[in-house]
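Chemist:
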Amino acid sequence: MFSLFFLRCDDETLGGNDKERFARENHSEIERRRRNKMTAYITELSDMVPTCSALARKPDKLTILRMAVSHMKALRGSGSTNSDGSYKPSFLTDQELKHLILEAADGFLFVVSCETGRIVYVSDSLTPVLNQAQSEWLGSSLYDQLHPDDTEKLREQLSTAENNNTGRMLDLKTGTVKKEGQQASSRMSMGARRSFICRMRCGSCPVEPLSMNRLNFLRNRNRNGLGTAKEGEPQYVVVHCTGYIKSWPPSGVSLTDDESDNTQGSRFCLVAIGRLQVTCCPGDTDVNSISVPVEFISRHNCQGMFTFVDHRCLAAIGYQPQDLLGKNILEFAYPEDQGLLRDSFQQVVKLKGQVLSVMFRFRSKSREWIWMRTSSFTFQNPFSEEIEYIILHNYTIDVLKCDFCETSLHRRYILSREVFPT
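Mapped onto UniProt numbering, the consecutive letters of the sequence shown carry residue numbers 1 to 422.
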């Protein structure tokens, strides 16, 4: 009787030990698989991060994660990122950013319905480029603003339908022959970028003298070879349009009744920037007058004294870096431009890191006055928040129209003060 009892107890003890051992082995197997998966993912992450893949030795897991975080921060940048992934500096509003982009691009922004060709939006910078009022474009058809021979090209660019062309094309990467129609859906899903050249009609809108000087400068710089129009016929200029097909209206945006009437139920629109097309065949005089802008970087204290100069200053203004160190930049500025340059230094100190652009005349080594555009910003000590120095990005400009540069000298400074008020 007692022997049977002890045997049963031994069996129960052995059975409990086996269950416990099996549970430990099962847990170890699960942990081993989890570690293998984590190692595989970290190895894949290491291959994706450039700083990790460039190392001679394979870094440890913590280093890989740290480099991955740094890489993602670098991609995201220090500015704000919207939900759709677009980047915008944190110190700029949407209106200020649009103003600066159009100013730098020498163009105008427009939004047109893909289904109807109706112009939903156009920026006020249309007037300096095409000499047309903003109200003349808004609500009209873009087909009416183009040369009759270019309307079919515009219709193709506004089309959002998939390409039904059954032609074949050679894939140079794989060497295989594919149907061209297979590429349509992929193009649409990758942002549907559009880039085309067309002829747009110039208007007769009264333009202020400052904008008229700018318009003449742009047309002289971007001569398109169309010549003067015959009497009674509209004048056209060649415009390069680049943009993207977007869904309309954008997500989270409600339209007014007027905007809804303009779109007329459109589901897609083309958001693009139009710029005067640079001539492909300049004349002999143009070839001789074209020069590539030469740029250099300099560093100054708050009074304008040179503390560092890039070696490229020799090609730009003829001075060696040691010729400028310890001297004030105002000494090399044209007398009439010294006040403007002095004010820009005072203004950029107040802006605290934001960029201010100004254009002035600089005395070169050969005692000649050359036009120079300078974009300046301050560097602040991250701990004390005190301004340590001012960085200037300078580049010389080949002037085609002196009257434009004289007006632009004050115009760009005034624009910068409007965008970045004190």
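For each residue, glycine too, the CB sits at the ideal point set by N, CA and C.
If you're wondering where the values come from, they're calculated on a predicted model, not measured in any experiment.
Specify whether the region 383-392 and the region 333-341 touch according to this definition: at least 3 beta carbon pairs, one from each stretch, less than 8 Å apart.
Modeler: These segments do not touch.
Chemist: Can you tell me which of K73, A56, T51 puts its alpha carbon nearest to the alpha carbon of I64?
Modeler: Taking the sequence shown and counting its residues from 1, the one referred to as residue 64 is at position 64. Checking every option, the nearest Cα to that of I64 belongs to T51.
Chemist: Which whole-angstrom value describes the C-beta separation of L130 and M48, a residue pair presumed to lie in contact below a C-beta threshold of 8 Å?
Modeler: What you label residue 130 is simply residue 130 of the sequence shown in a count that begins at 1. What you label residue 48 is simply residue 48 of the sequence shown in a count that begins at 1. Between M48 and L130 the Cβ distance is about 46 Å, and since that is not below 8 Å, they are no contact.
Chemist: Under the rule that 16 or more other beta-carbon atoms within 10 Å means buried, what is R57, buried or exposed?
Modeler: Reading the sequence shown from its first residue, position 57 is the one you call residue 57. Exposed, because fewer than 16 other Cβ atoms sit within 10 Å of the Cβ of R57.
Chemist: Note down the Cα distance separating V111 from W248, rounded to an integer number of angstroms.
Modeler: Taking the sequence shown and counting its residues from 1, one reaches residue 111 at position 111. Taking the sequence shown and counting its residues from 1, one reaches residue 248 at position 248. Straight-line Cα distance between these residues: approximately 10 Å.
Chemist: Let me make sure I understand the geometry here. Which of Q354, G353, G318 has the alpha-carbon closest to that of S366?
Modeler: Position 366 of the sequence shown, counted from the first residue, corresponds to residue 366. Taking only the C-alpha atoms, the option nearest S366 is G318.
Chemist: In terms of alpha-carbon separation, which member of F196, P148, S125 lies closest to C205?
Modeler: Locating residue 205 in the sequence shown gives position 205, counting from the first residue. The shortest C-alpha separation from C205 is found at S125.
Chemist: Let me confirm a value: A272 is counted as buried when at least 16 other C-beta atoms fall within 10 Å, else exposed. Which label applies?
Modeler: Counting from 1 along the sequence shown, the entry for residue 272 is found at position 272. The residue in question, A272, is buried, as its Cβ has 16 or more Cβ neighbours within 10 Å.
Chemist: Taking the alpha-carbon of L314 as reference, which of F296, P128, I329, L325 has the nearest alpha-carbon?
Modeler: On the sequence shown, position 314 is the one that residue 314 refers to. Considering only alpha carbons, the answer is F296.
Chemist: Measure the beta-carbon distance from R194 to L270 and round it to whole angstroms, keeping in mind my assumption that it falls under 8 Å.
Modeler: Position 194 of the sequence shown, counted from the first residue, corresponds to residue 194. Position 270 of the sequence shown, counted from the first residue, corresponds to residue 270. The Cβ separation is near 6 Å, so the contact holds.
Chemist: Go through its chain and collect everything with a Cβ distance to L142's Cβ below 6 Å, but skip five positions before and after it.
Modeler: On the sequence shown, residue 142 is found 142 positions in, with the first residue counted as 1. Closer than 6 Å at Cβ, skipping near neighbours: V112, G117, I119.
Chemist: In this structure, does DSSP put W137 in helix, strand or coil?
Modeler: If you number the sequence shown from 1, residue 137 lands on position 137. Reduced to three states, the DSSP call for W137 is helix.
Chemist: In the DSSP assignment, find the unbroken alpha helix (DSSP H) run with S344 in it and report its ends.
Modeler: By one-based count along the sequence shown, residue 344 stands at place 344. Taken as a continuous stretch (DSSP letters only), the alpha helix (DSSP H) holding S344 covers 338-351.
Chemist: Here's the rule: buried if 16 or more other CB atoms are within 10 angstroms of the residue's CB, otherwise exposed. What is G175?
Modeler: Counting from 1 along the sequence shown, the entry for residue 175 is found at position 175. Because the pLDDT at G175 is just 47, under 50, the model does not fix this residue reliably, and the value given afterwards should be weighed accordingly. Exposed, since its Cβ has fewer than 16 Cβ neighbours within 10 Å.
Chemist: If we count the other Cβ atoms within 10 Å of its Cβ and call it buried at 16 or more, is S46 buried or exposed?
Modeler: Start at 1 with the first residue of the sequence shown, and residue 46 comes out as number 46. S46 comes out buried.
Chemist: May I have the straight-line CA-CA distance separating G353 from H27, to the nearest angstrom?
Modeler: For the purposes of this step, residue 353 is taken as the residue at position 353 of the sequence shown. For the purposes of this step, residue 27 is taken as the residue at position 27 of the sequence shown. When rounded, the distance between both Cα atoms is 56 Å.
Chemist: So F306 packs on L324, CB below 8 Å; how close in whole Å?
Modeler: Taking the first residue of the sequence shown as position 1, residue 306 is located at position 306. Taking the first residue of the sequence shown as position 1, residue 324 is located at position 324. Correct: roughly 5 Å between the Cβ atoms.
Chemist: Would you report the Cα separation of D149 and P321, rounded to the nearest angstrom?
Modeler: Position 149 of the sequence shown holds residue 149. Position 321 of the sequence shown holds residue 321. Their Cα atoms are separated by approximately 55 Å.
Chemist: Do K61 and I42 have their C-beta atoms closer together than 8 Å?
Modeler: On the sequence shown, position 61 is the one that residue 61 refers to. On the sequence shown, position 42 is the one that residue 42 refers to. Taking 8 Å as the Cβ cut-off, K61 and I42 qualify as a contacting pair.
Chemist: With DSSP as the reference, label N328 as helix, strand or coil.
Modeler: If you number the sequence shown from 1, residue 328 lands on position 328. If DSSP states are grouped into helix, strand and coil, N328 belongs with the strands.
Chemist: Would you mind stating whether Q132 and G243 have Cβ atoms separated by less than 8 Å?
Modeler: Residue 132 sits at position 132 when you count from the first residue of the sequence shown. Residue 243 sits at position 243 when you count from the first residue of the sequence shown. Result no, Cβ atoms of Q132 and G243 do not sit closer than 8 Å.
Chemist: Using only CA atoms, which one of F268, R267, S159, Q277 lies nearest to residue 438?
Modeler: The structure shown has nothing for residue 438, since the chain only spans 1 to 422.
Chemist: Taking the alpha helix (DSSP H) that C269 belongs to, which residues open and close that run?
Modeler: One-based indexing of the sequence shown puts residue 269 at position 269. Unbroken run through C269 is the beta strand (DSSP E), 268-276; no alpha helix (DSSP H).
Chemist: Given a cut-off of 8 Å on the beta-carbon distance, is the pair G326 and F108 in contact?
Modeler: Translated into the one-based positions of the sequence shown, residue 326 becomes position 326. Translated into the one-based positions of the sequence shown, residue 108 becomes position 108. No. Outside cutoff.
Chemist: Quick one, are the C-beta atoms of Y389 and H311 less than 8 Å apart?
Modeler: Along the sequence shown, read from residue 1 onward, the residue named residue 389 stands at position 389. Along the sequence shown, read from residue 1 onward, the residue named residue 311 stands at position 311. No, Cβ-Cβ distance for Y389 and H311 is not below 8 Å.
Chemist: Pick from R267, Y121, H147: whose alpha carbon is nearest that of E233?
Modeler: Taking the first residue of the sequence shown as position 1, residue 233 is located at position 233. Closest by alpha carbon: H147.
Chemist: What residue range does the alpha helix (DSSP H) around K153 cover?
Modeler: For the purposes of this step, residue 153 is taken as residue 153 along the sequence shown, with counting starting at 1. That run of the alpha helix (DSSP H) goes 151-158.
Chemist: Among residues of its own chain, excluding the 5 on either side of D18, which ones have a beta-carbon nearer than 6 Å to its beta-carbon?
Modeler: Here residue 18 is taken as the residue at index 18 of the sequence shown, counted from 1. Closer than 6 Å at Cβ, skipping near neighbours: no residue.
Chemist: Can you say whether S357 is buried or exposed, counting buried as having 16 or more other CB atoms within 10 angstroms of its CB?
Modeler: What you label residue 357 is simply residue 357 of the sequence shown in a count that begins at 1. Burial call: buried.
Chemist: Within 10 angstroms of the Cβ of R33, are there 16 or more other Cβ atoms? Answer buried if so, exposed if not.
Modeler: The residue labelled residue 33 in the question sits at position 33 within the sequence shown. Exposed: under 16 other Cβ atoms inside 10 Å.
Chemist: So, helix, strand or coil for R21, using DSSP?
Modeler: For the purposes of this step, residue 21 is identified with residue 21 of the sequence shown, where counting begins at 1. Helix.
Chemist: With T160 and F268 assumed to form a contact (beta carbons below 8 Å), what rounded beta-carbon distance in angstroms separates them?
Modeler: Mapped onto the sequence shown, residue 160 falls at position 160. Mapped onto the sequence shown, residue 268 falls at position 268. Yes, they are in contact, since the Cβ atoms of T160 and F268 sit about 5 Å apart, within 8 Å.
Chemist: Just to confirm my understanding: we take H240, look at its own chain, exclude 5 residues before and 5 after, and list those with CB closer than 6 Å. What are they?
Modeler: Within the sequence shown, numbered from 1, the residue matching residue 240 stands at position 240. The answer, listed in chain order, is I197, R275, Q277.
Chemist: Using the Cα positions of R35 and Q95, report the straight-line distance between them to the nearest angstrom.
Modeler: On the sequence shown, position 35 is the one that residue 35 refers to. On the sequence shown, position 95 is the one that residue 95 refers to. So the alpha carbons of these two residues sit roughly 51 Å apart.
Chemist: Rounded to the nearest angstrom, what separates F377 and S298 at their Cα positions?
Modeler: Taking the sequence shown and counting its residues from 1, one reaches residue 377 at position 377. Taking the sequence shown and counting its residues from 1, one reaches residue 298 at position 298. Rounded to the nearest angstrom, the two C-alpha atoms are 11 Å apart.
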